[in-house]
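Here the sequence shown is numbered in the numbering used here, starting from 56 and rising by one per residue.
Following: one structure in structure tokens, then a few remarks.
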Amino acid sequence: METARRTESQLTEKGYVPVYTTAIVEQPWDSYTDADHAVWAQLFERQKAILPGLASDEFIAALGAMEMTADRIPKFADLNPILHAATGWELIGVEGLLPELEFFQHLANRRFPVTWWIRREDQLDYLAEPDLFHDLFGHVPLLMNPVFADYMAAYGRGGVKAHGIGSDALVNLTRLYWYTVEFGLIQQKDGLRIYGSGIVSSKGESIHCLQSDAPNRIGFDLERIMRTRYRIDTYQKTYFVIDSFQQLMDATGPDFAPIYTKLAAMDAIPAGDVLDTDKVFHRGTGEGWLNDGDV
Ligand code: PHE
Ligand code: CO
Numbered sequence: 056m057e058t059a060r061r062t063e064s065q066l067t068e069k070g071y072v073p074v075y076t077t078a079i080v081e082q083p084w085d086s087y088t089d090a091d092h093a094v095w096a097q098l099f100e101r102q103k104a105i106l107p108g109l110a111s112d113e114f115i116a117a118l119g120a121m122e123m124t125a126d127r128i129p130k131f132a133d134l135n136p137i138l139h140a141a142t143g144w145e146l147i148g149v150e151g152l153l154p155e156l157e158f159f160q161h162l163a164n165r166r167f168p169v170t171w172w173i174r175r176e177d178q179l180d181y182l183a184e185p186d187l188f189h190d191l192f193g194h195v196p197l198l199m200n201p202v203f204a205d206y207m208a209a210y211g212r213g214g215v216k217a218h219g220i221g222s223d224a225l226v227n228l229t230r231l232y233w234y235t236v237e238f239g240l241i242q243q244k245d246g247l248r249i250y251g252s253g254i255v256s257s258k259g260e261s262i263h264c265l266q267s268d269a270p271n272r273i274g275f276d277l278e279r280i281m282r283t284r285y286r287i288d289t290y291q292k293t294y295f296v297i298d299s300f301q302q303l304m305d306a307t308g309p310d311f312a313p314i315y316t317k318l319a320a321m322d323a324i325p326a327g328d329v330l331d332t333d334k335v336f337h338r339g340t341g342e343g344w345l346n347d348g349d350v
């Protein structure tokens, strides 16, 4: 274990450039300041208050089961026995973004990397990279769900494989992660709900993704998602809706190698497009969309 540093993207003449680090660190819990705990408390309370009726039942149940509370930043060492008993996953502390292969290998082995440091008070609504709030509040609760936990580990194995196949395969697989793990919606008996971590850790997008007329909400379709570009600097133009975590698991079970080959000959789909073949829950008005900038 090394001493924990805080690794943030660097502002250059090309904009923010991510910095990658491979270190696994002990969560330096005693080094959190009162201001750090206060940022956690504000974000936690704000999201806890709005998420009933927006986030999936599984997410809300898991938050309670994990015993995360507003009063202080959780200790990974306290969460780990609970998480491990439920699904065999454990949290490991990291300083920031990991190189892709390392990230996939951790997931494949049921280790979820959590950034140890938390954003500053002036970054409550947006920052350019994952921090402790996004990773812990956004990603970790659903790792308590056995089916979703298996999906994440399968994704890690699929990532190691795609990494060996090539960069186009990785682009396809990353879009799947983006539109499920980070920005996924799920159909519940009583309506659409959020399960994506990029949404549940953002107040603005939690409301926008379900209540705004601007974005498309479209039924999950594996190959369609793998072809769809996305946004990293604005709310998503399109969200994809699963019926259940089991659907996600089943759809991603087959070998992706032939799919990567097939998709290599096809064009990417702009983030906001709706196709004739889409199962449309809601066709977005496109209000406020920027014309360029899809990744
Ligand atoms: N079945 C995929 C493959 O063969 C692996 C995978 C599973 C990828 C779940 C993503 C999610 O590559
Ligand atoms: Co994330």
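Backbone N, C-alpha and C fix where the C-beta goes; we use that ideal spot for every residue, glycine too.
Identify, in the order they occur along the chain, each residue of the same chain with its Cβ nearer than 6 Å to the Cβ of residue i, setting aside the five sequence neighbours on each side.
{"i": "G193", "result": "S252, V255 and S256"}
{"i": "W84", "result": "K130"}
{"i": "K244", "result": "none"}
{"i": "G339", "result": "A269, P270 and N271"}
{"i": "L98", "result": "F188"}
{"i": "E342", "result": "A269"}
{"i": "I79", "result": "I147"}
{"i": "R127", "result": "H92"}
{"i": "Q242", "result": "V296 and D298"}
{"i": "L66", "result": "none"}
What does the alpha-carbon distance come out to for the pair residue i and residue j?
{"i": "T77", "j": "F158", "result": "9 Å"}
{"i": "V226", "j": "V72", "result": "18 Å"}
{"i": "T170", "j": "V296", "result": "28 Å"}
{"i": "R279", "j": "Q266", "result": "24 Å"}
{"i": "H337", "j": "D268", "result": "8 Å"}
{"i": "D133", "j": "T332", "result": "47 Å"}
{"i": "R165", "j": "G211", "result": "9 Å"}
{"i": "L330", "j": "L277", "result": "14 Å"}
{"i": "S86", "j": "N346", "result": "43 Å"}
{"i": "S222", "j": "V350", "result": "15 Å"}
{"i": "I147", "j": "G119", "result": "21 Å"}
{"i": "H161", "j": "A110", "result": "26 Å"}
{"i": "I220", "j": "D186", "result": "30 Å"}
{"i": "D328", "j": "G348", "result": "14 Å"}
{"i": "P196", "j": "M121", "result": "7 Å"}
{"i": "G108", "j": "P325", "result": "30 Å"}
{"i": "Y250", "j": "D180", "result": "19 Å"}
{"i": "L240", "j": "D298", "result": "9 Å"}
{"i": "P136", "j": "W144", "result": "9 Å"}
{"i": "I115", "j": "A320", "result": "41 Å"}
{"i": "E81", "j": "K334", "result": "45 Å"}
{"i": "H139", "j": "L247", "result": "29 Å"}
{"i": "R282", "j": "L318", "result": "7 Å"}
{"i": "V202", "j": "T88", "result": "36 Å"}
Ligand 1 heavy atoms versus the CB of residue i: any closer than 7 Å?
{"i": "R212", "result": "yes"}
{"i": "K317", "result": "no"}
{"i": "P154", "result": "no"}
{"i": "T283", "result": "no"}
{"i": "Y250", "result": "no"}
{"i": "G219", "result": "no"}
{"i": "D328", "result": "no"}
{"i": "G308", "result": "yes"}
{"i": "K216", "result": "yes"}
{"i": "A209", "result": "yes"}
{"i": "L231", "result": "yes"}
{"i": "Y352", "result": "No statement about residue 352 is possible, as the shown extent of the chain runs from 56 to 350 and does not include it."}
Within the same chain, show all residues whose beta-carbon is closer than 7 Å to that of residue i, passing over the 5 residues directly before and after it, in chain order.
{"i": "L182", "result": "R174"}
{"i": "N200", "result": "E113, A117 and F300"}
{"i": "H302", "result": "One point to set straight first is that residue 302 is Gln, not His, in the sequence displayed. Hits under 7 Å: F275."}
{"i": "E237", "result": "G251, S252 and G253"}
Beta-carbon separation of residue i and residue j under 8 Å?
{"i": "R272", "j": "E150", "result": "no"}
{"i": "P154", "j": "Y232", "result": "no"}
{"i": "T124", "j": "L198", "result": "no"}
{"i": "A323", "j": "R284", "result": "yes"}
{"i": "W95", "j": "F167", "result": "no"}
{"i": "Y234", "j": "C264", "result": "no"}
{"i": "L152", "j": "E184", "result": "yes"}
{"i": "D176", "j": "A59", "result": "A quick correction: the sequence has Glu, not Asp, at residue 176. Against a cut-off of 8 Å, the Cβ pair of A59 and E176 comes out as no contact."}
Within its chain, find whatever has a CB closer than 8 Å to the CB of residue i; leave out the 5 residues flanking it on each side and keep chain order.
{"i": "F311", "result": "G213, K216, A217, A224, N227 and L228"}
{"i": "T307", "result": "Y206, A209, Y210, G213, L231 and L277"}
{"i": "I105", "result": "K258, S261 and I262"}
{"i": "K103", "result": "L118 and A125"}
{"i": "M304", "result": "V202, D205, Y206 and A209"}
Kindly examine ligand 2 and report whether one of its heavy atoms sits closer than 7 Å to the Cβ of residue i.
{"i": "G193", "result": "yes"}
{"i": "E237", "result": "yes"}
{"i": "H189", "result": "yes"}
{"i": "P201", "result": "no"}
{"i": "P313", "result": "no"}
{"i": "G253", "result": "yes"}
{"i": "P325", "result": "no"}
### Task
Please determine if the segment 285-296 and the segment 312-321 are in contact, where contact requires at least 3 C-beta pairs separated by less than 8 Å.
no
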